[in-house]
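Note sheet for the following structure.
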Amino acid sequence: MNVRHFLTLMDLSQEELRQLIERAIELKQWQKQGRIFEPLKHKVLAMVFEKSSTRTRVSFETGMVQLGGHAMFLSPRDTQFGRGEPIEDSARVLSRITDAVMIRTFEHEKLERFAEYAVSPVINALTDQYHPCQLLADIQTWFEHRGDIRGATVCFIGDGNNMCHSYINAARQFDFHLRIATPAGYKPDKNIVAAAGNRVTLLEDPLTAAQGADLVVTDVWASMGQEQEQSAREKEFAGFQVNRELMANANPEALFMHCLPAHRGEEVTAEIIDGPQSVVWDEAENRLHAQKALLEFLLTD
Ligand code: CP
Ligand code: NVA
3 MNVRHFLTLM
13 DLSQEELRQL
23 IERAIELKQW
33 QKQGRIFEPL
43 KHKVLAMVFE
53 KSSTRTRVSF
63 ETGMVQLGGH
73 AMFLSPRDTQ
83 FGRGEPIEDS
93 ARVLSRITDA
103 VMIRTFEHEK
113 LERFAEYAVS
123 PVINALTDQY
133 HPCQLLADIQ
143 TWFEHRGDIR
153 GATVCFIGDG
163 NNMCHSYINA
173 ARQFDFHLRI
183 ATPAGYKPDK
193 NIVAAAGNRV
203 TLLEDPLTAA
213 QGADLVVTDV
223 WASMGQEQEQ
233 SAREKEFAGF
243 QVNRELMANA
253 NPEALFMHCL
263 PAHRGEEVTA
273 EIIDGPQSVV
283 WDEAENRLHA
293 QKALLEFLLT
303 D
């Protein structure tokens, strides 16, 4: 059997992704009903975190236990990859001993190199370039609240970052239109945009991007690793806040999503993230269910 990895949303077919979302919704129902489902008994997931995490760690670890397996947290502070053991060697060793490896790191190329040498599935738990697990949860959340996302208009306001890139891939894979509003110097990667063709429109005016949108999404202005740019970015992104005025431009039924952690008063006001259009808590919970569906997909026949 060929090993399947999940480095970006493009690693699964459109049909596989849709099945995975449906399965996530089903597994969530089973969990709420107290049904025991343990297809991953005795399987082990290694979780490598080179950046901080709350949701990703807790959801993967909980998900593995609920599926009957085990998750192992590995930090660079106490492992040999923090002391410079080559990625290729770490990949071969970790993937031979465990059944899957989840990685959160900086350069996307590092994750790709790891996957190249791994003999078991590798999951991207966030790189500087992409955050595909978050998109599984976001799309599941949309399906639960509104049904199919095909044909919807989504707007992403803020930084052309890892979340923005994964939204671009989601627009291709789930067939929706994405309007992106960023400050001029913070546009998403042009190759990722180009690959999406007419599914993506780049703008610099957030109000125009939000016009009639069915879903409004934002993310922090300074991502992990960009902490020293925080104050410069606060100035650059000042007009890119999701607030009452911006939401008033969207479809009155529009939902609001944010991958979290959020900075109230920066990229979003408290009124919006804590208001009736926000589904951020469902979105956070769905990390668990969507990743359980992913683990089942990658680790069982
Ligand atoms: N959204 C998300 O990935 O959260 P954590 O950084 O807490 O894992
Ligand atoms: N863009 C953010 C997402 C955090 C889940 C970051 O990379 O820090």
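Quick note: to get the working numbering, add 2 to the position in the sequence shown (first position is 1). Here a beta-carbon is modelled for each residue, glycine too, at the ideal position from N, C-alpha and C.
Exercise for review: Please report how far the alpha carbon of N259 lies from the alpha carbon of E247, in whole angstroms.
Suggested key: For the purposes of this step, residue 259 is taken as residue 257 along the sequence shown, with counting starting at 1. For the purposes of this step, residue 247 is taken as residue 245 along the sequence shown, with counting starting at 1. Sequence check: residue 259 is Met here, not Asn. Answer to the nearest angstrom: the Cα atoms are 16 Å apart.
Review point. Considering M66, what are the terminal residues of the beta strand (DSSP E) in which it resides?
Key: Position 64 of the sequence shown holds residue 66. Premise fails: M66 lies in the alpha helix (DSSP H), 57-68, not in any beta strand (DSSP E).
Review point. To which residues does DSSP link I125 through a beta bridge?
Key: Along the sequence shown, read from residue 1 onward, the residue named residue 125 stands at position 123. For I125, the pairing in a beta bridge is given by DSSP as F8, M104.
**Study point:** Boundaries of the beta strand (DSSP E) in which V95 is found, first to last residue
**Key:** By 1-based counting over the sequence shown, the position of residue 95 is 93. No beta strand (DSSP E) contains V95, which is instead part of the alpha helix (DSSP H) from 89-99.
Check your understanding: Is M249 near the ligand NVA, with its Cβ less than 8 Å from a heavy atom?
Key -> Residue mapping note: residue 249 aligns to position 247 of the sequence shown, counting from 1. Because no heavy atom of the ligand NVA lies under 8 Å away, the Cβ of M249 does not count as near it: no.
Review point. If you drop the 5 nearest sequence neighbours on each side, which residues of the same chain put their C-beta closer than 8 Å to that of F176?
Key: On the sequence shown, residue 176 is found 174 positions in, with the first residue counted as 1. If we look at F176 and ignore the five residues flanking it on each side, its Cβ neighbours are Q16, L19, R20, I141, I151, R152.
Review point. Would you call K237 buried or exposed, if buried means 16 or more other Cβ atoms sit within 10 Å of its Cβ?
Key: As a position in the sequence shown, residue 237 is number 235, starting the count at 1. Flag for K237 reads exposed.
Practice item. Could you check what DSSP says for L301 in three-state terms: helix, strand or coil? Key: Taking the sequence shown and counting its residues from 1, the one referred to as residue 301 is at position 299. The answer is helix: DSSP assigns L301 an H, G or I state.
Exercise for review: Quick one: grab the DSSP three-state call for T143.
Suggested key: Taking the sequence shown and counting its residues from 1, the one referred to as residue 143 is at position 141. Helix at T143.
Review point. Assuming L180 and R148 make a contact with CB atoms under 8 Å, what is their CB distance in whole Å?
Key: Here residue 180 corresponds to residue number 178 of the sequence shown, with the count starting at 1. Here residue 148 corresponds to residue number 146 of the sequence shown, with the count starting at 1. Going by Cβ atoms, the distance from L180 to R148 rounds to 16 Å, so no, they are not a contact pair.
Check your understanding: Roughly how many angstroms separate the alpha carbons of T155 and F178, rounded to a whole number?
Key -> Along the sequence shown, read from residue 1 onward, the residue named residue 155 stands at position 153. Along the sequence shown, read from residue 1 onward, the residue named residue 178 stands at position 176. Approximately 6 Å between the Cα atoms of the pair.
**Study point:** Stretch-stretch touch, CB-based, cutoff 8 Å, three pairs: the segment 48-66 with the segment 283-302
**Key:** Contact between the segment 48-66 and the segment 283-302 is present, because at least three Cβ pairs lie under 8 Å.
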